[in-house]
Amino acid sequence: MADSTAEQTVSESGPAPTAGAEPEVRPRPRRLTAEARKSSILKAARQAFVETGDMNGTTIKQIAERGGISEGVIYRHFESKDQLFYEAVFEPLRQAIDELVAASEVVDLNEPLTPERQLETLNGLYRQLIATLEEILPLLGLVLFGDPKVARRFYRKHFTVAMDRLAEAWREVEDRYGFEFESPDISARAVMGIALVLALESRHNDLFNRDRAISLVTQSTVKGFFPTIEPTRRRR
-16 MADSTAEQTV SESGPAPTAG AEPEVRPRPR RLTAEARKSS ILKAARQAFV ETGDMNGTTI
44 KQIAERGGIS EGVIYRHFES KDQLFYEAVF EPLRQAIDEL VAASEVVDLN EPLTPERQLE
104 TLNGLYRQLI ATLEEILPLL GLVLFGDPKV ARRFYRKHFT VAMDRLAEAW REVEDRYGFE
164 FESPDISARA VMGIALVLAL ESRHNDLFNR DRAISLVTQS TVKGFFPTIE PTRRRR
């Protein structure tokens, strides 16, 4: 009877480890690269800033809890909460600008641009800018329409730089075709302004038709928003 009980105990608890056998080694969780960790912190920061609706009222502790990390990990990647806030707002826009600038460099690599492809490319640009701006609108509102000093710093150091990068990329394309682009800086700001307003429409207007709007502004950006007025055509 005792032997039977002993056998049952061994059976239920599993086979006894073999003498000298190596213990089972479980694979360690893969550590994030520095860039991936930084990106995950920025994502957590965006969520925390949006929830509080206030940069000053959001603490590093809240961001750390949101990201499931310690405060020390955040400080290894960012010097201050201000730097974290600026980068949290700007990272999606910077990535979009990086992609748009890279696309402009190869847009006519295999074949020259045609009017049709120019419209197609501009349509894609508007679509990407609008989607990106819509994503960061809550934070963009905090930074641009909050503390004037914060707004000025962000606009000059980040937003202006993004528009100037677009302007220079477009100037280089025009230069390849022998055109002298007199005001690429103003063109970039006009396009960014249109994209920002359409992002607001997309976010707050339930009746907004994004595809229609992008198609119309694409055509109008190239061909002009208003017809040339001829005095002789006046009807009354």
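Residue numbers for the sequence shown follow this note's numbering, so the first one is -16 and each next one is one higher. We put the beta carbon where it would ideally sit given N, CA and C, even for glycine. As the structure is a prediction and not an experimental result, all values here were calculated from the model.
Quick check on the burial criterion: 16 or more other C-beta atoms within 10 angstroms. Buried or exposed for residue i?
{"i": "Lys220", "result": "In the structure displayed, the chain extends from -16 to 219; residue 220 sits before or after that span and is not available."}
{"i": "Ser63", "result": "exposed"}
{"i": "Arg29", "result": "buried"}
{"i": "Val205", "result": "exposed"}
{"i": "Val89", "result": "exposed"}
{"i": "Val(-7)", "result": "In this prediction, Val(-7) has a pLDDT of 42, which is less than 50 and means its spatial position is unreliable; nothing more can be read from the coordinates."}
Which same chain residues, not among the five before or five after residue i, have their C-beta less than 8 angstroms away from its C-beta?
{"i": "Ala196", "result": "Leu181, Glu184"}
{"i": "Lys140", "result": "Tyr69"}
{"i": "Gly129", "result": "Met38"}
Go through its chain and collect everything with a Cβ distance to residue i's Cβ below 6 angstroms, but skip five positions before and after it.
{"i": "Asp168", "result": "Ala150"}
{"i": "Asp27", "result": "Here residue 27 turns out to be Ala, not Asp, going by the sequence shown. Answer for Ala27: Ile46, Arg49, Gly50, listed in chain order."}
Excluding the 5 residues preceding and the 5 following residue i in the sequence, name in chain order all residues of the same chain whose CB lies nearer than 7 angstroms to its CB.
{"i": "Val133", "result": "Val126"}
{"i": "Leu179", "result": "Leu116"}
On a CA-only basis, which of the options is nearest residue i? Give me that one, please.
{"i": "Gln202", "options": "Pro214, Val174, Arg217", "result": "Val174"}
{"i": "Tyr58", "options": "Thr211, Thr204, Lys21", "result": "Lys21"}
{"i": "His60", "options": "Gly124, Ala17, Asn106", "result": "Ala17"}
{"i": "Pro75", "options": "Val205, Phe142, Arg219, Thr35", "result": "Phe142"}
{"i": "Arg159", "options": "Glu54, Met146, Ser87, Ala145", "result": "Ser87"}
{"i": "Ala85", "options": "Leu108, Arg217, Thr42, Met38", "result": "Leu108"}
{"i": "Glu157", "options": "Arg216, Phe209, Leu96, Arg193", "result": "Leu96"}
{"i": "Leu83", "options": "Leu15, Thr41, Ala171", "result": "Ala171"}
Using DSSP with H/G/I as helix, E/B as strand and the rest coil, what is residue i?
{"i": "Val180", "result": "helix"}
{"i": "Leu199", "result": "helix"}
{"i": "Thr204", "result": "helix"}
{"i": "Gly55", "result": "helix"}
{"i": "Ser63", "result": "coil"}
{"i": "Ile212", "result": "coil"}
{"i": "Ser22", "result": "helix"}
{"i": "Met38", "result": "coil"}
Please decide whether residue i counts as near chain C, where near means a Cβ-Cβ distance under 8 angstroms.
{"i": "Ala134", "result": "The structure shown contains no chain C; it is built from a single protein chain."}
Segments of 4+ residues assigned as alpha helix (DSSP H) that fall wholly inside the region 83 to 150 = If we require 4 residues or more, the alpha helix (DSSP H) runs fully inside the region 83 to 150 come out as 98 to 127, 131 to 137.
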